[in-house]
Every structure is written in structure tokens, then in C-alpha cells.
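Novice: First, the structure itself, so that you have it in front of you.
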Amino acid sequence: MTAPVQAGPTSSSVGPVRPLTQQELAVLQYVSEGLTYLEIAERTGYSRNGVLKTSTRILRKLDAKSQAHAVFLACQAGILDPKRRHGDHAGFAAHQYRGEEPCDRCWDGEREYRRERRAARKANAA
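According to the working numbering, the stretch in the sequence shown is residues -14 to 111, in order.
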């Protein structure tokens, strides 16, 4: 039994031994949604063969035995969120981890989170 890959936007993790590229993250997300290689190719503009090769790299990097195992390891490690979140601090952090510009909903959620944290610090200092 292999140990789970440690990655994701947690403070104690350092990322997978071989981090996933943006292309690999996109393909893995689509695989987690149940899309076929052909459907992923149509959505991303890659060839079906390109998606297959990307998928093979993902399996190798995560030391996974199957696509389902790769999705499981990625969710367990925080690389993929089984419930993609938007509009809160976790959604904002996930965007940053993936190297994306956070969406407006996540920016709003992050601002609210920061306001709450400031208020809590002030209350604790008093």
C-alpha cells in the first residue's frame, strides 16, 4: 500500500514529489467529473491522444493504479476538491493553488473572511 500523496493548499504540505502542470490538473478535473478522453479533448482542444498521454503522466506522478485511484489520491491530498468551492476563503485559496486569478465570488468571500478575522483579532485583543 502506498502512502497518499501530500499536496494541496494546506500549511503542512509541500506538494507532490512531481507537481502537476495546469494541463494535467485540467485533465484530472475533467476525469473526476466522469468525462471520456474524447469529451475532454473536445473541451480542452487537445487531441484524444494528447489527453491519453497527459492521463498517463498523471498516473505516473501520483503513483496511481487507475484513473479512479488518481482522482481518489488527488482528492485525499487536496489537489482536487471533491466539491469545488466558490465564494469563500477555501475557494479563493484553491484558485491561488492552481495558479488562477480568483473569480469575483471567491474575491468577495475572501474579503468577508478577512473582515471576520480582523474583527476576531480586535475582540481578542480587547
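For each residue, glycine too, the CB sits at the ideal point set by N, CA and C. For clarity, every value in this text was computed on a predicted model and none was experimentally measured.
According to DSSP, is Tyr31 helix, strand or coil?
Specialist: Reading the sequence shown from its first residue, position 46 is the one you call residue 31. Note: Tyr31 maps to coil in three-state DSSP.
Novice: Residues in its own chain within less than 8 Å of Thr130 by CB, not counting five upstream and five downstream?
Specialist: No statement about residue 130 is possible, as the shown extent of the chain runs from -14 to 111 and does not include it.
Novice: Determine whether the beta carbon atoms of Gly63 and Phe77 lie at a separation below 9 Å.
Specialist: Working through the sequence shown from its first residue, we reach residue 63 at position 78. Working through the sequence shown from its first residue, we reach residue 77 at position 92. The answer is no: Cβ separation not under 9 Å.
Novice: Exposed or buried, Ser17, counting other C-beta atoms within 10 Å across all chains shown (16 or more means buried)?
Specialist: For the purposes of this step, residue 17 is identified with residue 32 of the sequence shown, where counting begins at 1. Ser17 is buried by the Cβ-count criterion.
Novice: Using CA atoms only, rank isn't needed, just tell me which of Ile43, Leu44, Leu23, Arg28 is closest to Asn34.
Specialist: On the sequence shown, residue 34 is found 49 positions in, with the first residue counted as 1. Checked all of Ile43, Leu44, Leu23, Arg28; the closest Cα to Asn34 is Leu23.
Novice: Which residue marks the beginning of the alpha helix (DSSP H) containing Asp93, and which one marks its end?
Specialist: Position 108 of the sequence shown, counted from the start, is the residue given in the question as residue 93. Start and end: 89 to 110.
Novice: Mapping the DSSP letters down to three states, classify Arg129 as helix, strand or coil.
Specialist: Outside the displayed range of the chain (-14 to 111) lies residue 129, so it cannot be described from this structure.
Novice: Residue range of the alpha helix (DSSP H) that Ser17 falls in?
Specialist: Within the sequence shown, numbered from 1, the residue matching residue 17 stands at position 32. Where Ser17 is concerned, the enclosing alpha helix (DSSP H) stretches over 7 to 17.
Novice: State the Cα-Cα distance for the pair Ala(-12) and His74, rounded to the nearest angstrom.
Specialist: Position 3 of the sequence shown holds residue -12. Position 89 of the sequence shown holds residue 74. Residue placement at Ala(-12) is poorly supported in this model, since its pLDDT is 38, which falls under 50; the coordinates are not used for a value here.
Novice: Can you tell which of Leu20, Lys46, Ala26, Leu37 has the C-alpha that lies nearest to the C-alpha of Thr6?
Specialist: Numbered from its first residue, the sequence shown carries residue 6 at position 21. Nearest C-alpha to Thr6: Lys46.
Novice: Taking the continuous alpha helix (DSSP H) assigned at Ala79, which residues delimit it?
Specialist: Mapped onto the sequence shown, residue 79 falls at position 94. First-last of the alpha helix (DSSP H) with Ala79: 74 to 82.
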